[in-house]
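**Student:** Before I ask anything, let me first share the structure, which is written out below as structure tokens.
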Amino acid sequence: MKKVMLKTTLSLAVAMASSQLFASGFALNEQSVSGMGTGFAGRSSSADDASTVFGNPAGMARLEGQQVTGGVAAIDASTDIKDVSGRSRGTNKGDMVPFTAVPFGFYTNKLNDQWAVGFGVYAPFGLITDYESGYQGRGFGSKSEVQVITFQPTVSYAFNDRVSVGFGPTFNRIAGTLESELTLNPAVPDTKIKIKGDDTAIGFNAGVLVQATDTTRVGLTYHSKVKYKLEGHTEVNAPTATSSALATGRYDASLKIDTPESWDLSVTQDMNDAWKLYAGATWTRWSRLKDITVNNKGVTAAGGGLAPGLVGTIKEDQNWHDTWAYAVGTSYQLTKQVVLRTGLTFDQSPTNNADRSPRIPTGDRTIFSVGLGYAVMDNMTIDLAYSYLKEEEVSVNRSNALASYNAKYKNSANGFGLGMTYKF
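Using mature numbering (1 follows the signal peptide of the UniProt record, and there is no 0), the letters of the sequence shown correspond one by one to residues -23 to -1, 1 to 401.
Here it is in structure tokens:
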């Protein structure tokens, strides 16, 4: 029991560290509907609305007056699981990511020619996977849910009409719940393990925006790493040694983990009064995740099947690598009220075949996006966006003393965005 619980708690760390990567394809990469339309190719250089608080804080210097941008991004994902083998038994329906919608909101206020302030509330990371009851790989993850909510007050300063900088601390609240089911004996119910943990941590975003020429704008944004120390508990419901009745054990759990920093560089090029081109590249330092150390201790246990006094530490290698994402996009001002957008994104995965988990069965992805902005009135714009994501086929190969699970996963998703910007 000690070894099983330690490995399950380890999965909590992996899922939380991986949530940004998984979300970039399935849930929470979209903090801007206007940016979503161009595949986020100009995220650091466009500064089209108040969502630049996240995209590049320096972009607030380009926005006149006060602006409010809000919206919601929704993801409808599907998964095909095939070529399954292993010692476990069960079903493999896939489609374990439920329909998910995530709201966001930003505000900016240009105080004078030099200074602007703003703030944002958004969800940068998130993960929800919920397999069917009886899923064959349930011993390595039956349900995962991780949520991060970030509040970011921000300030920008324009040195002149060409160069501006911006900075904002981020206050991040993370909470996660993970579940697994282990078949110790086919004649008795599964051992069910549920893990919960949370923490609050501080990071920052910073950026610089340069109007290099009258028609070319370059932006660079840095999103810092965030150091978390999650505190929570592991709850186990297991058959006792003498009957099929379930005994419950509750164990304190803690772990330290750093989510990686990233750099985003993008260029916005005005071709003429109607056409704009965008290009961008994002580098993320996932190589920080070499291993994870988890501590379980603690104890309130009832029932003859669980031993009190569990204390343990485990170190497990992950060996992730740094990743690049590349995007190109364009927008066309069709009429005074309507702008059309499209973009193409290529996004690497940091995982490898040896360590990939059913909780994060993700691979390299290609994303095609289209969008539309409609100026309902002079001071209000509605933005719509749609993205189609397709991932390469990847392998999941997991095993321990109790079970093994091998399968091939192929993921795809449809993303939808609805946003509004109001100027006053």
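Ideal placement from N, C-alpha and C gives every residue a C-beta, glycine not left out. A quick note: this is a predicted structure, and the numbers were derived from the prediction, not measured.
(1) Does DSSP put W263 in a helix, in a strand, or in coil?
(2) Within the continuous alpha helix (DSSP H) that includes M13, where are the two ends?
(3) To the nearest angstrom, report how far apart R227 and Y399 are at their CA atoms.
(4) Can you give the beta carbon distance from Y199 to W240, rounded, assuming they're within the 8 Å contact cut?
(5) Assign N69 to buried or exposed, taking buried as 16 or more other Cβ atoms, counted over all protein chains shown, within 10 Å of its Cβ.
(6) Across the stretch 26 to 43 and the stretch 53 to 65, are there enough close Cβ pairs to call them in contact, namely three or more that are closer than 8 Å?
(7) In chain order, which beta strand (DSSP E) runs of at least 3 residues are fully inside the stretch 77 to 147?
(8) At 3 residues or longer, what runs of the beta strand (DSSP E) sit wholly inside the stretch 229 to 254?
(9) Could you please give the first and the last residue of the uninterrupted beta strand (DSSP E) stretch that includes T300?
(10) Flag this pair as yes or no: are the beta carbons of residue 402 and G306 separated by less than 8 Å?
(11) Taking Cβ to Cβ, would you say E122 is nearer than 8 Å to G71?
(12) Would you check if the stretch 74 to 83 and the stretch 104 to 118 touch, i.e. whether three or more CB-CB distances between them fall below 8 Å?
(13) Grab the span of the alpha helix (DSSP H) containing G32 for me, first residue to last.
(14) Do S381 and A362 have their beta-carbon atoms positioned less than 8 Å apart in this structure?
(15) Under the assumption that S22 contacts T319 (Cβ atoms under 8 Å), give the Cβ distance between them as a whole number of angstroms.
(16) Checking 8 Å against the spacing of the C-beta atoms, do G392 and S364 come in under that value?
(17) Can you give the Cα-Cα distance for T358 and A352, rounded to whole angstroms?
(18) Within its chain, find whatever has a CB closer than 6 Å to the CB of P335; leave out the 5 residues flanking it on each side and keep chain order.
(19) For A378, does the three-state DSSP call read helix, strand or coil?
(20) Going straight from the alpha carbon of residue 402 to that of A390, what length do you get?
(21) Cutting at 6 Å between CB atoms, please list the residues of its own chain near N296, excluding the five before and the five after it.
(22) Suppose you measure from the CA of F31 to the CA of N330; what does that come to, to the nearest Å?
(23) Taking C-beta to C-beta, are A100 and Q124 nearer than 8 Å?
(24) By the three-class DSSP mapping on this structure, what secondary structure does G394 have?
(25) First and last residue of the beta strand (DSSP E) that includes M357?
(26) Using a Cβ-Cβ cut-off of 6 Å (strictly less than) and excluding sequence neighbours within five positions of G196, which residues of its own chain qualify?
(27) Can you check whether the C-beta of T154 is within less than 8 Å of a C-beta belonging to chain C?
(28) In the DSSP assignment, what are the bridge partners of T68?
(29) By Cβ distance, which residues of its chain are closer than 7 Å to A251, with the 5 residues on each side in sequence left out?
(30) Going along the chain, which residues of its own chain have a beta-carbon closer than 7 Å to the beta-carbon of D53, five neighbours each way excluded?
(31) So what's M354 in DSSP terms, helix, strand or just coil?
**Tutor:** To lay it out plainly:
(1) Along the sequence shown, one-based indexing puts residue 263 at 286. Correct three-state label for W263: helix.
(2) Here residue 13 corresponds to residue number 36 of the sequence shown, with the count starting at 1. Where M13 is concerned, the enclosing alpha helix (DSSP H) stretches over 10 to 14.
(3) In the sequence shown, counting from the first residue as 1, residue 227 sits at position 250. In the sequence shown, counting from the first residue as 1, residue 399 sits at position 422. Rounded to whole angstroms, R227 and Y399 show a C-alpha spacing of 50 Å.
(4) Counting from one through the sequence shown, the residue named residue 199 turns up at place 222. Counting from one through the sequence shown, the residue named residue 240 turns up at place 263. Their Cβ separation, rounded to whole angstroms, is 6 Å, which keeps Y199 and W240 in contact under 8 Å.
(5) Within the sequence shown, numbered from 1, the residue matching residue 69 stands at position 92. Buried, by the Cβ-count rule.
(6) The stretch 26 to 43, when compared against the stretch 53 to 65, does not touch it at the 8 Å Cβ threshold.
(7) The stretch 77 to 147 is shown to contain whole beta strand (DSSP E) runs of 3 or more residues at 77 to 87, 92 to 99, 103 to 107, 120 to 135, in chain order.
(8) Correct list: 239 to 247.
(9) Stepping through the sequence shown from its first residue, residue 300 is reached at position 323. T300 -> beta strand (DSSP E) spans 300 to 310.
(10) Nothing in the structure corresponds to residue 402, since the chain is present only between -23 and 401.
(11) As a working mapping, residue 122 is identified with position 145 in the sequence shown. As a working mapping, residue 71 is identified with position 94 in the sequence shown. No; because the gap between Cβ atoms is not below 8 Å, this pair is not in contact.
(12) Below 8 Å, enough C-beta pairs join the stretch 104 to 118 and the stretch 74 to 83 to call them touching: three or more.
(13) Position 55 of the sequence shown, counted from the start, is the residue given in the question as residue 32. Run containing G32: 29 to 32, per the alpha helix (DSSP H) assignment.
(14) Translated into the one-based positions of the sequence shown, residue 362 becomes position 385. Translated into the one-based positions of the sequence shown, residue 381 becomes position 404. No, these two residues do not count as a Cβ contact at 8 Å.
(15) Working through the sequence shown from its first residue, we reach residue 22 at position 45. Working through the sequence shown from its first residue, we reach residue 319 at position 342. Their Cβ separation, rounded to whole angstroms, is 17 Å, which puts S22 and T319 out of contact at 8 Å.
(16) One-based indexing of the sequence shown puts residue 392 at position 415. One-based indexing of the sequence shown puts residue 364 at position 387. Cβ atoms of G392 and S364: closer than 8 Å.
(17) Here residue 358 is taken as the residue at index 381 of the sequence shown, counted from 1. Here residue 352 is taken as the residue at index 375 of the sequence shown, counted from 1. In a straight line, the C-alpha of T358 is about 4 Å away from that of A352.
(18) Position 358 of the sequence shown holds residue 335. A distance below 6 Å between beta-carbons, with the five flanking residues on each side excluded, links P335 to the following residues of its chain, in chain order: G114, F117, G118, V373.
(19) Stepping through the sequence shown from its first residue, residue 378 is reached at position 401. Three-state result, A378: coil.
(20) Here the chain comprises residues numbered -23 to 401, so residue 402 is not present and cannot be evaluated.
(21) Indexing the sequence shown from 1 puts residue 296 at position 319. Close CB contacts of N296 within its chain, under the 6 Å cut and outside five residues either way in sequence, are absent.
(22) Within the sequence shown, numbered from 1, the residue matching residue 31 stands at position 54. Within the sequence shown, numbered from 1, the residue matching residue 330 stands at position 353. One C-alpha to the other measures close to 33 Å.
(23) Locating residue 100 in the sequence shown gives position 123, where the first residue counts as 1. Locating residue 124 in the sequence shown gives position 147, where the first residue counts as 1. Between A100 and Q124, the C-beta gap is smaller than 8 Å, which places the two residues in contact.
(24) For the purposes of this step, residue 394 is taken as residue 417 along the sequence shown, with counting starting at 1. Under the three-state reduction of DSSP output, G394 falls in the strand class.
(25) As a first step, residue 357 must be located in the sequence shown, where it is residue number 380. 357 to 368 is the extent of the beta strand (DSSP E) around M357.
(26) Counted from its first residue, the sequence shown places residue 196 at position 219. Residues of the same chain with a CB within less than 6 Å of the CB of G196, apart from the 5 flanking positions on each side, are S21, S22, N33, L186, S243 in chain order.
(27) In summary, chain C is missing from the structure at hand, where a single protein chain is found.
(28) For the purposes of this step, residue 68 is taken as residue 91 along the sequence shown, with counting starting at 1. In DSSP, T68 forms a bridge with Y112.
(29) On the sequence shown, position 274 is the one that residue 251 refers to. Excluding positions up to five away in sequence, the list reads Y309, Q310.
(30) For the purposes of this step, residue 53 is identified with residue 76 of the sequence shown, where counting begins at 1. Cβ contact annotation for D53 (same chain, cutoff 7 Å, sequence separation greater than five): F76, A390, N391, in chain order.
(31) Here the question's residue 354 lines up with position 377 in the sequence shown. Correct three-state label for M354: strand.
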